[in-house]
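Asker:
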Amino acid sequence: MPHAKDDYYEPDAFGNLPRSHPMSIRVAKNAGWNLIGVSLPLLAGLLAVPLLLHGLGQAKLGVFSLALGLFGFAGVFDLGLGRALTQTIASEQGKGSSLPAIARLVRRGLLAVLVLGLVWGAALFWAARPIALDLFHLEGSMAAETVLGIHWLALALPLMLLSTSLTGVLEGLQQFRAVNVLRAPIGAATFIIPAIVAQYTDNLGWVIASLALTRAVAVVLWGGMVGRHFPLFARHEGTPLSANAMWRFTGWLSVSNLVGPFMVPCGVLPAGSR
Numbered sequence: 297m298p299h300a301k302d303d304y305y306e307p308d309a310f311g312n313l314p315r316s317h318p319m320s321i322r323v324a325k326n327a328g329w330n331l332i333g334v335s336l337p338l339l340a341g342l343l344a345v346p347l348l349l350h351g352l353g354q355a356k357l358g359v360f361s362l363a364l365g366l367f368g369f370a371g372v373f374d375l376g377l378g379r380a381l382t383q384t385i386a387s388e389q390g391k392g393s394s395l396p397a398i399a400r401l402v403r404r405g406l407l408a409v410l411v412l413g414l415v416w417g418a419a420l421f422w423a424a425r426p427i428a429l430d431l432f433h434l435e436g437s438m439a440a441e442t443v444l445g446i447h448w449l450a451l452a453l454p455l456m457l458l459s460t461s462l463t464g465v466l467e468g469l470q471q472f473r474a475v476n477v478l479r480a481p482i483g484a485a486t487f488i489i490p491a492i493v494a495q496y497t498d499n500l501g502w503v504i505a506s507l508a509l510t511r512a513v514a515v516v517l518w519g520g521m522v523g524r525h526f527p528l529f530a531r532h533e534g535t536p537l538s539a540n541a542m543w544r545f546t547g548w549l550s551v552s553n554l555v556g557p558f559m560v561p562c563g564v565l566p567a568g569s570r
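Residue numbers (the numbering used here): 297 to 570.
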């Protein structure tokens, strides 16, 4: 059946669709929202660093930077479940599965993420003193403040992983505008709120506590946004969807995250020997 001229778009010799194609427009819009989601936190970070340095000093700012780095590794701690949820939702929607059936599967994934977060959080809480005293070789008040800060990070770790997974749910639904509407201010608050707290106290533990507080607020906001676009708690009485593909995808991502850092030196060594 021939296509109507108004709704048919002929790709060029390289398979590229014209810029006026609805898919091209959608990709461009998503890219624009992603750019906003990255740019605002970056700008906030540039503004916050001088304030943090003034309030905390160089040594404490170094420890605070390590705490921020932990937030960046949330995708490693969840063993790839957040990305697996994104892939699973997109795949099941493509198969025509009902939203309640997908929601039932997503709840299993989120429960697994919560359990992982509690396990990692308990381990980090227990390791706080060895990290401060034996790994960083800190002493006195600096050690005590660092231990307090690590305890706060341990409490926030399950919330960090849930936030990452809820973001994955929205991305699986292709709700990139919704993702970045929240990602931009939450990312900015991650820098700005601790910088403000640092102007009133130089206690590293409480500055990191404010960082943990942003995660608590973030998980509530992410949960609310998911609730607007996805029936997360919808009942499904039929045959549940198989979670095997999701667990396999998670397993492969876990292996990739573990092996990936070791593959870079393996490629550099032969190049350096020439």
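Idealized CB from N, CA, C, for every residue including glycine.
Counting only the same chain and skipping the five closest in sequence on each side, list residues whose C-beta sits under 6 angstroms from that of T486.
Answerer: T510, listed in sequence order.
Asker: Just to confirm the assignment, what range does the alpha helix (DSSP H) spanning K356 have?
Answerer: Per DSSP, K356 belongs to the alpha helix (DSSP H) from 354-368.
Asker: Suppose contacts are defined by Cβ-Cβ distances below 8 angstroms. Is I482 in contact with A514 by that definition?
Answerer: Yes, the Cβ-Cβ distance between I482 and A514 is below 8 angstroms.
Asker: How would you label P490, buried or exposed, when you count the other beta carbons within 10 angstroms and need 16 or more for buried?
Answerer: Counting Cβ neighbours within 10 Å, P490 comes out buried, since at least 16 surround it.
Asker: Could you please give the first and the last residue of the uninterrupted alpha helix (DSSP H) stretch that includes L381?
Answerer: Where L381 is concerned, the enclosing alpha helix (DSSP H) stretches over 377-390.
Asker: What ranges does the alpha helix (DSSP H) occupy inside the region 515-542, keeping only unbroken runs of at least 4 residues that lie completely in it?
Answerer: With a minimum length of 4 residues, no continuous alpha helix (DSSP H) run stays inside the region 515-542.
Asker: Please say whether L336 and A480 have beta carbons closer to each other than 8 angstroms?
Answerer: Yes, the pair counts as a contact, with Cβ atoms nearer than the cut-off.
Asker: Determine the burial state of S459: buried for a count of at least 16 other Cβ atoms within 10 Å of its Cβ, exposed for fewer.
Answerer: It counts as buried.
Asker: With distance defined between alpha-carbon atoms, name the residue in L342, W548, G413, S393 nearest to L457.
Answerer: Cα-wise, what sits closest to L457 is G413.
Asker: Which of helix, strand or coil does DSSP assign to S393?
Answerer: In the structure shown, S393 sits in coil (DSSP, three-state: anything other than H, G, I, E or B).
Asker: Determine the direct distance from the alpha carbon of G358 to that of L366, and round the result to whole angstroms.
Answerer: If you take the alpha carbons of L366 and G358, they lie about 13 angstroms apart.
Asker: Helix, strand or coil for A474? Go by DSSP, reduced to three states.
Answerer: Of the three classes helix, strand and coil, the one that applies to A474 here is helix, per DSSP.
Asker: Tell me the DSSP secondary structure of N330 in three-state form.
Answerer: N330: helix per DSSP, three-state reduction.
Asker: Could you give the residue range of the alpha helix (DSSP H) that holds P454?
Answerer: 436-468 is the extent of the alpha helix (DSSP H) around P454.
Asker: Can you round the beta-carbon distance between A380 and L449 to whole angstroms, since I take them to be within the 8 angstroms contact cut?
Answerer: With 8 angstroms as the limit, A380 and L449 do not qualify as a contact, their Cβ atoms being about 24 angstroms apart.
Asker: Excluding the five sequence neighbours on either side, which residues of its own chain have a C-beta within less than 7 angstroms of the C-beta of L434, listed in chain order?
Answerer: Counting only Cβ-Cβ distances below 7 angstroms, and skipping sequence neighbours, we find A428, T442.
Asker: Using a 10 Å radius around the Cβ and a threshold of 16 neighbouring Cβ atoms, would you call L377 buried or exposed?
Answerer: Looking at its Cβ environment, which holds 16 or more other Cβ atoms inside 10 Å, L377 is buried.
Asker: Taking DSSP as the reference, what is the three-state secondary structure of H350?
Answerer: Helix.
Asker: Out of curiosity, what's the CA-to-CA distance linking N499 and L362?
Answerer: Straight-line Cα distance between these residues: approximately 16 angstroms.
Asker: Express the C-alpha separation of P536 and W416 in angstroms, rounding to a whole number.
Answerer: Each residue's alpha carbon lies about 29 angstroms from the other.
Asker: Thinking just about the alpha-carbon of each residue, which of T546, L528, W422 is nearest to the one in L602?
Answerer: This structure cannot speak to residue 602, because the chain is shown only from 297 to 570.
Asker: Given A589, which residues of its chain have a CB within under 7 angstroms of its CB, disregarding the five upstream and five downstream residues?
Answerer: Look at the range of the chain in this structure, 297 to 570, and you will see that residue 589 is not part of it.
Asker: Mapping the DSSP letters down to three states, classify D430 as helix, strand or coil.
Answerer: Reduced to three states, the DSSP call for D430 is helix.
Asker: For Q383, which of V402, L349, V372 has the nearest alpha-carbon?
Answerer: Out of V402, L349, V372, V402 has the C-alpha closest to the C-alpha of Q383.
Asker: Tell me, to the nearest whole angstrom, how far the beta carbon of I385 is from that of V465; I am working on the premise that it is less than 8 angstroms.
Answerer: That belief holds up - the Cβ atoms of I385 and V465 are roughly 6 angstroms apart, short of 8 angstroms.
Asker: I need the DSSP call for A505, collapsed to helix, strand or coil.
Answerer: It is helical.
Asker: Within 10 angstroms of its Cβ, does P426 collect 16 or more other Cβ (buried), or is it exposed?
Answerer: P426 comes out exposed.
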